[in-house]
Every structure is written in C-alpha cells, then in structure tokens.
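Beneath this line is the structure, given in structure tokens, with notes to follow.
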Amino acid sequence: MIRAWMRGLGVLGVVVMSCSVEGGGGLREACDGALAQLRECGLATEGTFQCEQAQGGACGFECFRAAGCDELSALVCGDSDTPMPGTPLFECIEACKTFVCTDGERRYPSVECDGWAQCADGSDEMGCTNLFTCENGSTIVDTLRCNAVSDCSDGSDEEGCNGLPQCADGRVLSADQRCNGANNCGDGSDEAGCPPVVDFICPGA
834 MIRAWMRGLG VLGVVVMSCS VEGGGGLREA CDGALAQLRE CGLATEGTFQ
884 CEQAQGGACG FECFRAAGCD ELSALVCGDS DTPMPGTPLF ECIEACKTFV
934 CTDGERRYPS VECDGWAQCA DGSDEMGCTN LFTCENGSTI VDTLRCNAVS
984 DCSDGSDEEG CNGLPQCADG RVLSADQRCN GANNCGDGSD EAGCPPVVDF
1034 ICPGA
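Residue numbers for the sequence shown follow the numbering used here, beginning at 834 and rising by one.
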C-alpha cells in the first residue's frame, strides 16, 4: 500500500536510513524527513528505500513529513494505497499534481515526457524533445535507453550500455533493480551485499 505509493509503482509500474538518490538534495531531504516521520510513528523500520521515482517527488514526501501519525497509520495499515479523501494528507498530495492534461485532468509533474501516456488524452507525452532515435528510425524517450529492456524493436537502445548490474547467471538488470529489496534475479544475487531495505509495519498487527 504505502510502499506502492512511495515507490511510484502506480505511475511507472519503476532507497531509509537515507534515500539512495543521486543529486537533488531537495528530494533526499524530503525523503529522509518523510521516512523519519514514519519511524517516529512506529510505522517503518531502518533500511534503504528507492525514492527517486516516487509519485509526487519531493512535494509528496513533504506531505508525509508533515502528516500526523493517525493519518500515516491509516495509510500504512489500511486497505487503500491512497490517503482518505478530505484528509490533510490527501489534500496535500493532490496539490502536488501540478501537471494539467489538455482535458483538465491533474497529474504529478513527473509524468511529463516519461515515455508512458498517463493522461487519458496522451498530452503528457506530446511535444517531448527528450527522445532517443532507434537504428530503425523509431523513437523512444531517452530515459528508456540502457534500462536492460529492449524498448526499440531492433534493440538498439541497449547497445553500448556499460555498468548495469548483472545476475549471477549473467542476465543484465536495470540500475534500479539492484538493492531494491526485490529478488529480480530469482537467485537473490541482485540483493547480495545490499543494506537492509525499509519495511512498513503496523504496530500491534
């Protein structure tokens, strides 16, 4: 529930003693603050958490940082993966949705030109200049290059990529699959030697 929201899985279907985020001190500080608040409320363990693709970015984490323990507990321990409508946490997170689709729908700004049409009208992917041209002439968003998935039908987006993590069997992973708490390799080799990953807990459960 809360893990899905914070990891942005609902958006991208793509770490907490501190967040593993390169650059962007604002996001790191907000992530650390949100996770400190969750720990203060007894709702999160120590560990790492991938926060760089979280829905709402730093704005969303600031909402968590300011939320009360009752609201956070309802989100962590409840049945919904979103805050209850009408609550301060819900209103705060809704205010983070500053990208407006041409049909008026509001989304998090991270949806713009990310390679996935999330506006019903596709306006979040219109007019994008951050494109990679495949050898066959088709285009993809450049952030999909070197992600260990052939997004170009000819596989040219994965040519010449170095430094990506590998499983013990030699299979290549995307960078965010290493030390993310998930057994992406099947044999656990992508999680070997990694610090513990944060877990969200319900007191008394």
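Ideal Cβ positions, reconstructed from N, Cα and C, are used throughout, including at glycine.
Closest Cα partner of residue i within the set the options
i: V909; options: L871, V974, V1005; result: L871
i: V982; options: N1013, L997, S971; result: L997
i: D936; options: V944, C925, I926, S956; result: S956
i: W949; options: G1019, D975, S1022, T915; result: D975
i: C934; options: G1026, G893, V944; result: V944
i: G1003; options: G866, D1009, D1020; result: D1020
i: D1009; options: C979, A953, L905; result: C979
i: P921; options: S913, A869, L905, D914; result: L905
Three-state class that DSSP yields for residue i in the structure shown
i: F932; result: strand
i: I973; result: strand
i: G857; result: Low local confidence applies: a pLDDT of 41 at G857 is under 50, so the model's placement there is unreliable, with the coordinate-based value given in what follows. In the structure shown, G857 sits in coil (DSSP, three-state: anything other than H, G, I, E or B).
i: A877; result: strand
i: V982; result: coil
i: V1031; result: coil
i: R872; result: helix
i: C1012; result: coil
i: F965; result: strand
i: S913; result: coil
i: F897; result: helix
i: D954; result: coil
i: D903; result: helix
Contacts around residue i, its chain only, beta-carbon distance under 6 angstroms, and the 5 residues preceding and following it disregarded
i: C961; result: C946
i: D984; result: I973, L977, D990
i: P1028; result: T881
i: P942; result: T931, F932
i: E895; result: A863
i: A867; result: F894, F897, R898
i: R1011; result: P998, D1023
Nearest-angstrom Cα separation, counted from residue j out to residue i
i: C884; j: D987; result: 32 angstroms
i: M959; j: R940; result: 15 angstroms
i: A899; j: F923; result: 12 angstroms
i: C967; j: N995; result: 18 angstroms
i: G889; j: N969; result: 35 angstroms
i: D903; j: F965; result: 46 angstroms
i: V1030; j: C925; result: 27 angstroms
i: E1042; j: R861; result: As shown, the chain starts at 834 and ends at 1038. That puts residue 1042 outside it, with no answer to give.
i: P916; j: G993; result: 43 angstroms
i: G1050; j: G901; result: With the chain represented from 834 up to 1038, any question about residue 1050 goes unanswered, as that position is not in the structure.
Beta-carbon contacts of residue i that lie in its chain and below 8 angstroms, excluding the five residues immediately before and after
i: I1034; result: G875, L876, A877, T878, V909
i: L1006; result: A981, L997, P998, Q999, C1000, N1017, C1018, D1023
Residues bridged to residue i (per DSSP)
i: Q999; result: V1005
i: R940; result: F932
Near the ligand SAM: residue i beta-carbon under 8 angstroms from a heavy atom
i: G988; result: Only the bare structure without any ligand can be found here, which leaves the ligand SAM out of the picture.
Residues near residue i by beta carbon distance below 7 angstroms, same chain, minus five either side
i: A928; result: none
i: P1036; result: G875
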